[in-house]
Every structure is written in C-alpha cells, then in structure tokens.
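Here is the structure we will look at, set down as structure tokens.
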Amino acid sequence: MSFVLLLGADNRSAKVTGRTDTMMLVAFRERDGAVAAFSVPRDLWIELPDVGTLHEDGRDHARVSSVMRVGEVRVGRGQGMALLRETLRLNLGVEVDRYALIDMQGFVAVVDTLGGVEVEVACPIMDCFWLDGPDQPCTMMDVPAGAVTMDGATALAFSRSRHGTGDRDRTRRQQAVMLAFARTLK
Numbered sequence: 464m465s466f467v468l469l470l471g472a473d474n475r476s477a478k479v480t481g482r483t484d485t486m487m488l489v490a491f492r493e494r495d496g497a498v499a500a501f502s503v504p505r506d507l508w509i510e511l512p513d514v515g516t517l518h519e520d521g522r523d524h525a526r527v528s529s530v531m532r533v534g535e536v537r538v539g540r541g542q543g544m545a546l547l548r549e550t551l552r553l554n555l556g557v558e559v560d561r562y563a564l565i566d567m568q569g570f571v572a573v574v575d576t577l578g579g580v581e582v583e584v585a586c587p588i589m590d591c592f593w594l595d596g597p598d599q600p601c602t603m604m605d606v607p608a609g610a611v612t613m614d615g616a617t618a619l620a621f622s623r624s625r626h627g628t629g630d631r632d633r634t635r636r637q638q639a640v641m642l643a644f645a646r647t648l649k
C-alpha cells in the first residue's frame with residue numbers, strides 16, 4: 464500500500480507559508496490497483512512530534528491545517544512538509560510516500576488549462592468572497608445544483624466556501640471537485 468498526500472495551500476504571499484486548507488490522503492494498493500481516498504479535516508486538532516524546540520515552547524498540539532506553517536516558522540525554513548509527514552505518521556499511522564502541493568493560483572491555472580471541470584453539485588450554493596481584502600467589494604458566487612462546468616476561479620471559490628455546515632460541507636465540495644478532476648483526466 465502506498466499513500467499520496469494531496470494538499471491545497473492558502474499561500475497569498477511568496478514570503479509566507481499559508482495553511483493547507485485542503486488535505487486528502489489517497490491510498491493505492493498495488494496488488495489489485497484499488498484506490499481509496501479520504502479527507503483530513505482542516506480543523507482536526509492533533510499532536511505535534513517532539514521536533515526541535517516545539518515542545519519546549521509549549522507547542523505540542525495544532526490544527527492539522529497549520530502544521531506546515533508551524534514547521535516552516537518554528538522548526539526551520541523548508542521543514543514544513545517533513546513536520547507534516549511525521550505528524551500524520553504519529554497521529555494517523557500513515558507513511559506518506561509522495562505528495563502534491565498546489566496553491567490557489569496554481570489550482571485556478573490547472574482547472575483553466577483543462578478547459579474547466581464538470582462538478583456534481585449536491586445543492587445550490589451562494590456565497591460572497593473578499594478576494595482583494597475586506598475593504599473591497601465582495602465577489603458573489605452563485606452555483607446551481609446539478610452538473611456544473613466550472614472554470615478555475617469558480618472551482619476555487621466553490622472549494623473554499625464555508626457555506627452550509629462549515630468544514631464538513633466544505634470537505635464534500637473539495638471531494639466533488641477532486642472527483643471532477645479524476646473524471647476529466649481519465
């Protein structure tokens with residue numbers, strides 16, 4: 464069995480490592496080609512491994528979405544992914560073999576390069592996003608239920624929306640977009 468970690472990062476600046484707001488583990492079983500995936504809830508509170516001075520500073524737990532940032536800032540530049548992999552091993556018993564990390568701009572570019580993705584939307588969603596900061600007008604997103612072809616910006620907004628029950632619905636939307644990717648790439 465091998466595991467691939469798929470990450471979507473909220474990096475708004477090249478200077479700052481953002482949170483990994485999307486985190487999915489994909490398991491591949493080589494003997495029969497079976498594939499399974501599950502999302503790691505971004506607000507999951509987990510134990511950090513005793514690395515560097517993390518525990519000395521009283522930092523022994525964190526939200527899983529902030530582990531990479533903690534690694535970069537508290538352990539050392541370039542150590543975020545190593546800390547995340549070790550944290551997942553410690554808490555979930557999963558050895559991550561490979562990973563793919565994409566930021567918001569990269570996500571939009573990939574979807575647009577594919578010509579969009581057709582996402583199965585379970586229920587209509589309307590939400591407002593402040594893309595350029597809270598002092599600017601919001602950008603409305605209005606997505607109907609059913610099969611919806613989304614461009615990159617729409618797929619990103621749909622994936623990031625906290626509309627509904629918060630993290631659970633957000634995770635379902637992220638999974639729907641990943642299924643759309645898989646269908647598009649088939």
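Heads up: the sequence shown runs through residues 464 to 649, numbered per the working numbering. Don't be surprised by glycine CBs; every beta carbon is placed ideally from N, CA and C.
Please say whether residue j and residue i have beta carbons closer to each other than 7 Å?
i, j, result
"Leu468", "Leu488", "yes"
"Asp590", "Met604", "yes"
"Leu546", "Val530", "yes"
"Gly471", "Ile565", "yes"
"Gly615", "Val571", "yes"
"Thr647", "Leu555", "no"
"Met567", "Leu642", "no"
"Ile509", "Val527", "yes"
"Ala525", "Val533", "yes"
Quick check on this structure: which residue in the options has the alpha carbon closest to the alpha carbon of residue i?
i, options, result
"Arg561", "Gly629, Asp513, Phe491", "Phe491"
"Ala639", "Cys601, Trp593, Val580", "Val580"
"Pro607", "Pro597, Glu583, Glu493, Gln599", "Glu583"
"Met544", "Met486, Val573, Pro597", "Met486"
"Thr483", "Arg494, Thr617, Ser502", "Ser502"
"Gly586", "Lys649, His524, Thr628", "First, the amino acid is wrong: residue 586 is Cys here, not Gly. Cα-wise, what sits closest to Cys586 is Thr628."
"Thr617", "Asp473, Asp575, Asp632, Gly521", "Asp575"
"Asp473", "Gly521, Asp523, Gly569", "Gly569"
"Ala645", "His626, Gly481, Asp523, Ala500", "Ala500"
Less than 7 Å between C-beta atoms, sequence neighbours within five positions excluded: which residues of the same chain meet that for residue i?
i, result
"Pro504", "Asp630, Thr634"
"Arg636", "Phe621, Ser622, Ser624"
"Val559", "Phe466, Leu468, Arg548, Leu551"
"Cys601", "Cys591, Phe592, Trp593"
"Gly609", "Val584"
"Gly541", "none"
"Leu553", "Glu510, Pro512"
Cutting at 8 Å between CB atoms, please list the residues of its own chain near residue i, excluding the five before and the five after it.
i, result
"Gln599", "Trp593"
Using a Cβ-Cβ cutoff of less than 6 Å, which residues in the same chain neighbour residue i once the five nearest sequence positions on both sides are dropped?
i, result
"Asp506", "Arg526, Asp630"
* Going along the chain, which unbroken runs of the alpha helix (DSSP H) with 4 or more residues stay wholly within the region 500–543? -> The qualifying runs are 530–533.
* To do: May I have a chain-ordered list of the beta strand (DSSP E) segments no shorter than 3 residues that lie completely inside the region 558–636?
  => Runs found: 561–566, 580–584, 588–592, 602–606, 609–613.
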